[in-house]
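UniProt numbering puts the first residue of the sequence shown at 1, with every later residue one more than the last.
Built from N, CA and C at the ideal position, the CB exists for glycine as well.
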Amino acid sequence: MPPFLSPLALRLREKILPLADSKNLLGFSAGVDSTALFFLLVECEIPFDIAIVHYHTRKQADDELSHAQHLAKIHNKHCFIAHAPTFSQNFESQARAFRFSFFDEIIQSYGYGALILAHQLNDRFEWLLMQLTRGAGLENLLGFESWRNAKISYPIARPLESISKDEIYTYCKEKGLKYFEDSSNADLGFKRNAFRARFANELTREYSRGIAKSLEYLKQDKQRLNTLNIKQLRLECLARLTQDSKDCICSQGGVIFKLESTLWRKKECEGECENVGEKMWGNDVENGFENGGENDTTSKEIEQNRLLQGCDKIAKLCGYVLSLAQRKEILKSGFCCKIHYLMITHNESGVFVAVDIFDMYQNVTIPPMTRDFKTFCQKSKIPPRLRKLLFAELCLLESHQKADDEKKS
1 MPPFLSPLAL
11 RLREKILPLA
21 DSKNLLGFSA
31 GVDSTALFFL
41 LVECEIPFDI
51 AIVHYHTRKQ
61 ADDELSHAQH
71 LAKIHNKHCF
81 IAHAPTFSQN
91 FESQARAFRF
101 SFFDEIIQSY
111 GYGALILAHQ
121 LNDRFEWLLM
131 QLTRGAGLEN
141 LLGFESWRNA
151 KISYPIARPL
161 ESISKDEIYT
171 YCKEKGLKYF
181 EDSSNADLGF
191 KRNAFRARFA
201 NELTREYSRG
211 IAKSLEYLKQ
221 DKQRLNTLNI
231 KQLRLECLAR
241 LTQDSKDCIC
251 SQGGVIFKLE
261 STLWRKKECE
271 GECENVGEKM
281 WGNDVENGFE
291 NGGENDTTSK
301 EIEQNRLLQG
311 CDKIAKLCGY
321 VLSLAQRKEI
331 LKSGFCCKIH
341 YLMITHNESG
351 VFVAVDIFDM
361 YQNVTIPPMT
371 RDFKTFCQKS
381 KIPPRLRKLL
391 FAELCLLESH
401 QKADDEKKS
């Protein structure tokens, strides 16, 4: 790291420094964002080359291309150039697809470690506002994935994602950097430009720090949701459904999902609690967190929110969207309730979500649970709410096996 860095480079060094371990490809346009990022990377001595797409839609694009080649030559960078075909419709979508296909090809051919893009805070906020008006969940609200999965998979770095457009202009002005303004950005016929001019710019100018924090929190929530330890438990693995189970239960007629958690201690889960909600919220020690003040409460809330996100995701997998009131009910009950056809329960190893086939198909009848099965469930600490369902699945499995044996004989 150079001894003297600009204030902006100092702010971004934690995001930029990891890029020093490999050569990278910078998506360049000669606009203010990619120009600022170019010089920030140079300032931090990050190895990179650049790639630019000529869309042949503006006369100024020729000058932008020449400037990109000039910068690359001065700073000893390779400049990859692609000439896009004419796009008759959905220009933004087709241009993006072409651009990323170009990046994919370069990275695959030359072995670049990461793609670096100059998206900044205003870009992310514009996108979020547009998605809000369309009706979108967390997955689509944020966009801007940190990993590209195409012909080849590679990470995407966006060092400027928390930096406002105004700060980037200030950096370029202080450095005396030359950049180009895309005249098409003033065309309010493009929806994104309209959102930028009417809403995003002013809000970001006034509340950039709060917006950046909110987007970062949402990003973290999305990452936690995408890495939730949701397990589909198979009936054949039922014998391993203990507190140390690392396996997953898919039954013949439905699916039982498991979210592993340490929220409930062993002594609380000899069976299901009659007033599990009260125990869960009323005593920190009983909840698996020592009574140590604010940090423990925060840890508990984080774990509860993680589990609630998991229940929400599982419900969607089962074709059901939880309402706000239903989410509150799940929390209030201590993850021991029934929502629509979904049974939610827990033992000391985590939370289980299952489809109640008896309620869904009211003509389903099964024989009483056997003593051996009940004993097995108690020893395995299978929550009582799941036992009837699992026994039905076991009977169904035995019936299928018997039918198969008869066919073979």
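Cutoff 6 Å; reference residue i; Cβ partners in own chain excluding five residues on either side
i	result
Thr-345	Cys-336, Phe-352, Pro-383, Arg-385
Tyr-320	His-340
Leu-215	Arg-124
Residue i in three-state terms, based on DSSP
i	result
Gly-210	helix
Thr-133	helix
Ile-256	strand
residue 411	Here the chain has residues from 1 to 409 only, and residue 411 is not among them.
residue 413	This structure cannot settle anything about residue 413, because the visible part of the chain is limited to 1 through 409.
Phe-91	helix
Ser-164	coil
residue 485	Only positions 1 to 409 of the chain appear in the structure, and residue 485 is not among them; the question remains open.
Leu-177	coil
His-70	helix
Phe-4	coil
Asp-182	coil
Leu-17	helix
Val-32	helix
Asp-187	coil
Leu-121	helix
Cys-318	coil
Distance between residue j and residue i (C-alpha atoms, nearest Å)
i	j	result
Ser-380	Val-355	21 Å
Ala-212	Lys-165	12 Å
Lys-23	Leu-71	18 Å
Phe-180	Ala-61	9 Å
Gln-108	Tyr-154	9 Å
Trp-147	Gly-113	12 Å
Pro-47	Ile-152	21 Å
Lys-374	Asn-347	16 Å
Glu-301	Ser-88	51 Å
Ile-256	Phe-391	13 Å
Glu-45	Asn-122	26 Å
Glu-202	Ser-208	10 Å
Phe-102	Ala-82	7 Å
Residues near residue i in its chain [Cβ-Cβ closer than 7 Å; skip 5 each side]
i	result
Gln-69	Cys-79
Met-130	Lys-191, Arg-192, Phe-195
Ile-74	none
Phe-39	Lys-175, Leu-177
Glu-274	Only weak support exists for where Glu-274 lies, its pLDDT of 38 falling under 50; the coordinates are left without a value.
Pro-18	none
Arg-371	none
Reference residue i; option with closest CA among the options
i	options	result
His-119	Trp-127, Phe-98, Met-343	Trp-127
Ile-330	Glu-202, Gln-304, Leu-317	Gln-304
Glu-43	Ala-20, Ile-106, Lys-59	Ala-20
Tyr-57	Gln-220, Ser-93, Ser-184, Ser-162	In the sequence as presented, Tyr is not what sits at residue 57; that position holds Thr. Checking every option, the nearest Cα to that of Thr-57 belongs to Ser-184.
Ser-29	Leu-203, Arg-99, Leu-121	Arg-99
Cys-311	Ser-299, Ser-208, Glu-301, Gln-326	Gln-326
residue 441	Lys-316, Leu-317, Cys-318, Leu-307	Within the shown structure, residues of the chain are numbered from 1 to 409, placing residue 441 beyond reach of any answer.
Ser-299	Leu-263, Ser-323, Leu-324	Leu-263
Lys-15	Tyr-55, Ala-82, Ile-156, Ile-106	Ile-156
Thr-133	Phe-199, Gln-220, Pro-85	Phe-199
Glu-206	Glu-167, Leu-218, Leu-188, Asp-182	Glu-167
Leu-41	Ile-116, Gln-94, Asp-63	Ile-116
Same chain, Cβ closer than 8 Å to residue i, five either side skipped, listed in chain order
i	result
Lys-178	Thr-35, His-67
Lys-222	Leu-138, Glu-139, Leu-142
Tyr-169	Val-32
key: Cβ contact (3+ pairs, closer than 8 Å) linking the stretch 161–177 and the stretch 4–20   = yes
ask   = Three or more beta-carbon pairs under 8 Å between the stretch 13–27 and the stretch 37–51, yes or no?
value = yes
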